[in-house]
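Using the UniProt record's numbering, you'd call the opening residue of the sequence shown number 1 and step up by one each time. For reference, the structure discussed in these notes is given below.
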Amino acid sequence: MHGDESSADAALSHEQEIRREVFASLDKIIQEMTTRFQQIQEISDKFGFLMPAKLLDSKFECDLSHVLEDIDKDEFQMERKRLQQFIACSESEEDISGKGPLELLQFIQKLNLGISVPNIVILIRIYLTLAISVASCEKSFSKLKLIKNYLRSTMSSARLSNLAILSIEQELAANIDFDKVISDFAAHKARRIRL
1 MHGDESSADA
11 ALSHEQEIRR
21 EVFASLDKII
31 QEMTTRFQQI
41 QEISDKFGFL
51 MPAKLLDSKF
61 ECDLSHVLED
71 IDKDEFQMER
81 KRLQQFIACS
91 ESEEDISGKG
101 PLELLQFIQK
111 LNLGISVPNI
121 VILIRIYLTL
131 AISVASCEKS
141 FSKLKLIKNY
151 LRSTMSSARL
161 SNLAILSIEQ
171 ELAANIDFDK
181 VISDFAAHKA
191 RRIRL
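Quick look at the structure:
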């Protein structure tokens, strides 16, 4: 009878330990997600005026003081009016006001308006880059973890680093012309230095 009681206590304490660790993990995940979303929300609050609905609304007042001091407010307002006129005169059938900053940037590039509104293009690029940079570091670490788990300890740190770069930049790596790389390598090896 005493043995049954101790095994029940052991099972209960084991269950409590697992529960404690799971709750600690869940708490950490929730905390990290909250932090990430707060960072993204702060970026969105600062650059929210770049949403096409606000940027193209002549009644909406843009405040640049909290974003960049390098951009002159009057120059930005002139570019904004110019962009509004370009969009009003364009023969494009798409309604850009209901879209996001990426679609606005693509629209500006499609009509070759980048020279006419350079500050707006710069601000949109900064805004789009900041949102991605929050997640890109996490992506790099998760790729590194996948590579380390897959190959375990059978590689040197140099090889691990090179594989991590290839995995992170897989879109770029997929477009490599291997014949050109081989011919360049062969050309460099063919040139021997005479001593």
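Just so it is clear, CB atoms sit at the ideal spot from N, CA and C, and this is done for glycine as well.
Check                                                                                                        : Outcome
Sequence-distant residues of its chain with Cβ nearer than 7 Å to Glu103 (five each side left out)           : Ile96
Rounded Cβ spacing between Leu130 and Ile43 (contact assumed at less than 8 Å)                               : 5 Å
Outcome for Met51 when other beta-carbon atoms lying within 10 angstroms are tallied against a minimum of 16 : buried
Alpha helix (DSSP H) segments (min. 4 residues) lying fully within the stretch 28 to 75                      : 52 to 55
Close Cβ partners of residue 196 (< 7 Å) along its chain, the five nearest in sequence each way excluded     : Any question about residue 196 goes unanswered here, given that the chain covers just 1 to 195.
Host alpha helix (DSSP H) of Lys99 (start-end)                                                               : Here Lys99 belongs to no alpha helix (DSSP H), and DSSP marks it neither H nor E.
Bounding residues of the alpha helix (DSSP H) (the contiguous stretch that carries Leu113)                   : Careful: Leu113 lies outside any alpha helix (DSSP H) and carries neither H nor E.
Distance between Pro101 and Val22 (C-alpha atoms, nearest Å)                                                 : 39 Å
Contacting residues, own chain, Cβ-Cβ under 6 Å from Asn119 (five flanking each side not counted)            : Ile71, Phe76, Glu79
Assigned secondary structure, Asn175 (DSSP; H/G/I helix, E/B strand, else coil)                              : coil
Distance CB(Val117)-CB(Arg82) smaller than 8 Å                                                               : yes
Under the three-state DSSP convention, the category Ser90 falls into                                         : coil
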